[in-house]
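Trainee: Can you keep this structure in mind? I'll have questions shortly.
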Amino acid sequence: MISLLFKKKEEKKKEDNLPDLKWEKSPSGKFYRLITINENAPGLINQGGVLLIWAKWAKRTIWLHVGSSSNLSKSLALAKENKEILQYNEKGGVGVTWALVNPRYINGITKYLKESLKPELEIKDLDDSVNFDNEKPYPVKIPIV
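Written out as structure tokens, the structure reads:
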């Protein structure tokens, strides 16, 4: 029993020491809804980063897509038209966030997020094609959505 208490404290410390990406939010401080995002915003065109898409049902987060893109604008435009994602939008809305990431770390961060969040959908069109088999996961803090 005591070992369980210390283990949880130790795991919490590890989480606190992880790099914190700047997950994008709206000016009001909330995460964006996918259908309202302006994918043509100057800060997105030809910008590379990590993309997270999720749905919330009864306080449960369902991670739909985790990926990386060299052009977040293009990936967001494709996500807004994707039928698999839009099905979730009809049932309560789809959230989205992204973080601009140094290309040197993007594959490792993406691998870590995919392994940690286990997204429901694998939508190749939204991602730059990368084989993550030989990548070392690069842990980062996961946003609380």
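The sequence shown begins at 20 in my numbering and counts up one residue at a time.
Backbone N, C-alpha and C define an ideal beta-carbon position, used for all residues, glycine too.
1. Out of Pro138, Gly127, Lys160, Val159, state which residue places its alpha-carbon closest to the alpha-carbon of Asn150.
2. So, helix, strand or coil for Leu105, using DSSP?
3. Quick check for students: name the residue ranges of the alpha helix (DSSP H) that lie wholly in the region 60 to 125, counting only runs of 4 or more.
4. What residues in its chain sit with their C-beta under 8 angstroms from that of Ser87, if we drop five residues either side in the sequence?
5. Spatial neighbours of Trp82 within its chain, please: C-beta separation below 6 angstroms, excluding the five flanking residues on both sides.
6. Quick test of your reading: Val164 and Gly112, contact by CB under 8 angstroms. State the CB separation rounded to the nearest angstrom.
7. If you reduce the DSSP assignment to three classes, tell me which class Tyr131 lands in.
8. Using the DSSP secondary-structure output, state which residues sit across from Tyr157 in a beta bridge.
9. Using 8 angstroms as the threshold, is the C-beta distance between Ser92 and Asn59 below it?
10. Counting only beta-carbon atoms, is Glu58 nearer than 8 angstroms to chain D?
11. Would you mind sorting Ala77 into buried or exposed? The rule is 16 or more other CB atoms within 10 Å of its CB.
12. Cα separation between Lys44 and Ile64?
13. Does the distance from the CB of Ala98 to the CB of Ile104 come in under 8 angstroms?
14. Am I right that Tyr131 and Pro156 are in contact with their C-beta atoms under 8 angstroms? What's the rounded C-beta distance?
Mentor: This is what the structure gives:
1. The residue you call residue 150 lines up with position 131 of the sequence shown. Looking only at Pro138, Gly127, Lys160, Val159, the smallest Cα-Cα distance to Asn150 is reached by Gly127.
2. Locating residue 105 in the sequence shown gives position 86, where the first residue counts as 1. It is helical.
3. The region 60 to 125 is shown to contain whole alpha helix (DSSP H) runs of 4 or more residues at 91 to 100, 102 to 108, in chain order.
4. Position 68 of the sequence shown, counted from the first residue, corresponds to residue 87. Gly67, Gly68, Val69, Leu70, Val120, Ile125, Asn126, Ile128, Thr129, Asp146, Asp147, Val149.
5. Position 63 of the sequence shown, counted from the first residue, corresponds to residue 82. Cβ within range, chain order: Trp73, Leu136, Pro138.
6. As a position in the sequence shown, residue 164 is number 145, starting the count at 1. As a position in the sequence shown, residue 112 is number 93, starting the count at 1. Val164 to Gly112, Cβ: 11 angstroms. No contact.
7. Taking the sequence shown and counting its residues from 1, one reaches residue 131 at position 112. Tyr131: helix per DSSP, three-state reduction.
8. Taking the first residue of the sequence shown as 1, we reach residue 157 at position 138. Its beta-bridge partners do not exist; DSSP assigns none.
9. By one-based count along the sequence shown, residue 92 stands at place 73. By one-based count along the sequence shown, residue 59 stands at place 40. Contact flag set, yes.
10. The chain inventory of the structure shown lacks chain D, comprising one protein chain alone.
11. On the sequence shown, residue 77 is found 58 positions in, with the first residue counted as 1. Exposed: under 16 other Cβ atoms inside 10 Å.
12. By one-based count along the sequence shown, residue 44 stands at place 25. By one-based count along the sequence shown, residue 64 stands at place 45. If you take the alpha carbons of Lys44 and Ile64, they lie about 17 angstroms apart.
13. Working through the sequence shown from its first residue, we reach residue 98 at position 79. Working through the sequence shown from its first residue, we reach residue 104 at position 85. Contact: yes.
14. In the sequence shown, residue 131 corresponds to position 112, counting from 1. In the sequence shown, residue 156 corresponds to position 137, counting from 1. The pair is a contact, with the Cβ atoms about 4 angstroms apart (cut-off 8 angstroms).
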